[in-house]
Amino acid sequence: DARVTQTPRHKVTEMGQEVTMRCQPILGHNTVFWYRQTMMQGLELLAYFRNRAPLDDSGMPKDRFSAEMPDATLATLKIQPSEPRDSAVYFCASGPAGLVGNEQYFGPGTRLTVT
Amino acid sequence: AQKVTQAQTEISVVEKEDVTLDCVYETRDTTYYLFWYKQPPSGELVFLIRRNSFDEQNEISGRYSWNFQKSTSSFNFTITASQVVDSAVYFCALTTNAGNMLTFGGGTRLMVKP
Numbered sequence: 166d167a168r169v170t171q172t173p174r175h176k177v178t179e180m181g182q183e184v185t186m187r188c189q190p191i192l193g194h195n196t197v198f199w200y201r202q203t204m205m206q207g208l209e210l211l212a213y214f215r216n217r218a219p220l221d222d223s224g225m226p227k228d229r230f231s232a233e234m235p236d237a238t239l240a241t242l243k244i245q246p247s248e249p250r251d252s253a254v255y256f257c258a259s260g261p262a263g264l265v266g267n268e269q270y271f272g273p274g275t276r277l278t279v280t
Numbered sequence: 020a021q022k023v024t025q026a027q028t029e030i031s032v033v034e035k036e037d038v039t040l041d042c043v044y045e046t047r048d049t050t051y052y053l054f055w056y057k058q059p060p061s062g063e064l065v066f067l068i069r070r071n072s073f074d075e076q077n078e079i080s081g082r083y084s085w086n087f088q089k090s091t092s093s094f095n096f097t098i099t100a101s102q103v104v105d106s107a108v109y110f111c112a113l114t115t116n117a118g119n120m121l122t123f124g125g126g127t128r129l130m131v132k133p
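Protein chains in written order, with my numbering: chain A, 166 to 280; chain B, 20 to 133.
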């Protein structure tokens, strides 16, 4: 049963520290998404990759966030420096190649707490 | 711009009751896709269904059914004979032909009491 995996599942860090979250998409999926979930804002898209190329990162605070796909099996989301307002659950999702409107499959999320 | 509204933030029912979760969407695109996801207490988002804008047929899957009505821009989700395991937050989402990014509604928390 193929799944999206994310590490770490939980991260507690102090303000100002760098945070790196990793995601392994489902093998064969060519689209990868990063979402953030907070009580106040709900689920919001941060970045979107297709065939490892970033297509949309307009939802991401550019000064401190960066997203990359070093290869087809790894997507990373970095925050440097982290701030308390970054505390949230960060989800990675992947989707199959081909048609638009394909469903996305979500990982278990990384719960980030910045103190 | 597109928008998804789930007006019911929280619903509480007793087991075996039927419950309908409402979803209203806004988009200027004529081709779009609607989704429902379930987020149980474990936190993972589970895909339930996808419907494209050209297919208004209702769908039934076991105790779950979906009613898509373009005339009212709604895509409602009904659980028949609810069970405690149905307790979760349910999200309605939309994407258009312009890309696959999902726009989510605010979610409806469903609590099914024994």
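Backbone N, C-alpha and C fix where the C-beta goes; we use that ideal spot for every residue, glycine too.
(message) If I measure Cβ to Cβ from P273 of chain A and keep anything under 7 Å in the same chain, skipping five residues before and after, which residues do I get?
(response) Q171 and R174
(request) Could you list which residues in chain B have their beta carbon closer than 9 Å to that of G207 of chain A, in chain order? (result) F110, F123, G124, G125 and G126
(request) Taking K89 of chain B as part of the beta strand (DSSP E), name the residues at either end of that continuous run. (result) Taken as a continuous stretch (DSSP letters only), K89 of chain B belongs to no beta strand (DSSP E), as it is neither H nor E.
(request) Determine, using beta carbons only, whether L242 of chain A comes closer than 8 Å to chain B. (result) no
(message) Can you find the residues in the same chain that come closer than 8 Å, C-beta to C-beta, to F214 of chain A, ignoring five residues on each side of it along the sequence?
(response) T196, V197, F198, L220, A232, M234 and A240
(request) Would you please verify whether the beta carbon of D132 of chain A is less than 8 Å from any beta carbon of chain B? (result) What is shown of chain A runs 166 to 280, which leaves residue 132 of chain A out entirely.
(message) Could you check whether T275 of chain A and V177 of chain A sit closer than 8 Å to each other, using their CB atoms as the reference points?
(response) no
(message) Contact criterion: CB-CB distance below 8 Å. Does Q189 of chain A meet it with respect to chain B?
(response) no
(message) Since L129 of chain B and A107 of chain B should fall inside the 8 Å C-beta cutoff, what is the C-beta to C-beta distance between them, to a whole number of angstroms?
(response) 6 Å
(message) Beta-carbon within less than 7 Å of P217 of chain A's beta-carbon, same chain only, minus the 5 sequence neighbours each way: which residues are those?
(response) Checking the displayed sequence, the identity of residue 217 of chain A turns out to be Arg instead of Pro. Excluding positions up to five away in sequence, the list reads M234 and A237.
(request) Flag this pair as yes or no: are the beta carbons of Q245 of chain A and S259 of chain A separated by less than 8 Å? (result) no
(message) Strictly under 8 Å for the Cβ-Cβ distance: is P173 of chain A near chain B by that measure?
(response) no
(message) Just to check my reading of the structure: E34 of chain B and K132 of chain B have Cβ atoms closer than 8 Å, yes? What is that Cβ distance to the nearest angstrom?
(response) 7 Å
(request) Excluding the 5 residues preceding and the 5 following F230 of chain A in the sequence, name in chain order all residues of the same chain whose CB lies nearer than 6 Å to its CB. (result) I244
(request) Report the rounded CA-to-CA distance for T97 of chain B versus D74 of chain B, giving the unit in angstroms. (result) 18 Å
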